[in-house]
Amino acid sequence: MHFDLKEIISSSLILFSVIDILGSIPIIIDLRKKNGSIHAEQATLVSGAIMIGFFFAGKFILHLLGVDTNSFAVAGALIIFLIGLEMTLGRNIFKAEEMQEGTHSIVPLAFPVIAGAGTMTTLISLKSQFEEENIIISILINLIFIYLVLRSSVWIEKKLGNVGTQILRKVFGVILIAIAIKIIKTRLF
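Numbering follows our numbering, with no gaps: position 125 of the sequence shown is 459.
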C-alpha cells in the first residue's frame, strides 16, 4: 500500500468539488421542507455504496460496454463542465426528475445529487491518476463531511442564509469548470 497525503488531499478536494454537498444545501433544505426530514445516515451509506461500487466495478462495466476510460472521462468532464456552468450561471441545464414519496433520502439525494454521473466519472478519472487506497480514503473523508452537512442542514441554513448559499454555488461552479477543463486537456492532449 502506498499512502500519499498529497494524493489524499488532492483527490479529496476534487471529489468535494464534484459532489458539492455545500452547493447542494438549497436542494437539501428544499427536500427537508417538503418531506419533514432528511435521513443523513441512509443517504450517506447509499451514496458511499454507489461510489465505492462504481470505483471498483466501473472500469469493468465500461469494458463490457466497449467504452475506453479516456472517452468516459472526457464525457464525464463535459457533464462536470455543464454542472459547473449550471451552478455559476444559475441556469438549469439538466431536467429535474420527480421523486417517489418516502425515497427522498435516496432519490434524488444519494443518487444523483451526491453520487451522480459527475462523481462516478471523477472516480474513474482519479483511478487513472492516483493510488486506489488514497482515493478510498478520500471517499471516506467526503462521506464523513456529507454526513455532517446532512445532519446539520438546519443550522447551516440559518448561518449561511440565501446569499451565502448562492456564493458557495458560484465558487464551486467555477472550480468544477476548471476541473473539467483539466480532465479534457489531460485526456485529449
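Yeah, the Cβ is synthetic: ideal placement off N, Cα and C, and Gly gets one too.
Give me, in chain order, the residues of the same chain whose beta-carbon lies closer than 7 Å to that of residue i; leave out the 5 immediate sequence neighbours on both sides.
i	result
residue 403	393, 396, 458 and 462
residue 524	Since the first residue of the chain shown is 335 and the last is 523, residue 524 is not available in this structure.
residue 490	359 and 483
residue 417	452 and 510
residue 385	449, 453, 457 and 473
residue 361	447
Please classify residue i: is it buried, with 16 or more other beta-carbons within 10 angstroms of its beta-carbon, or exposed?
i	result
residue 354	buried
residue 343	exposed
residue 529	As shown, the chain starts at 335 and ends at 523. That puts residue 529 outside it, with no answer to give.
residue 335	exposed
residue 427	exposed
residue 356	buried
residue 398	exposed
residue 497	exposed
residue 488	exposed
residue 540	This structure gives no information on residue 540, because the portion of the chain shown stretches from 335 to 523.
residue 506	buried
Grab me the residues of residue i's own chain with a C-beta within less than 8 Å of its C-beta, minus the 5 sequence neighbours each way, in chain order.
i	result
residue 485	374
residue 440	376, 377 and 380
Grab the span of the alpha helix (DSSP H) containing residue i for me, first residue to last.
i	result
residue 397	374 to 399
residue 347	339 to 353
residue 402	Per DSSP, residue 402 belongs to no alpha helix (DSSP H) and is neither H nor E.
residue 365	359 to 369
Take residue i and list the residues in its own chain whose beta-carbon comes closer than 6 Å to its own, dropping the five residues that flank it on each side.
i	result
residue 382	477
residue 519	none
residue 412	none
residue 521	404, 407 and 408
residue 504	422
Note to self: Report the start-end ranges of each alpha helix (DSSP H) in the region 411 to 497 that is 4 residues or longer and not cut off at the edges.
What the structure shows: Complete alpha helix (DSSP H) runs here, min 4: 451 to 461 and 466 to 485.
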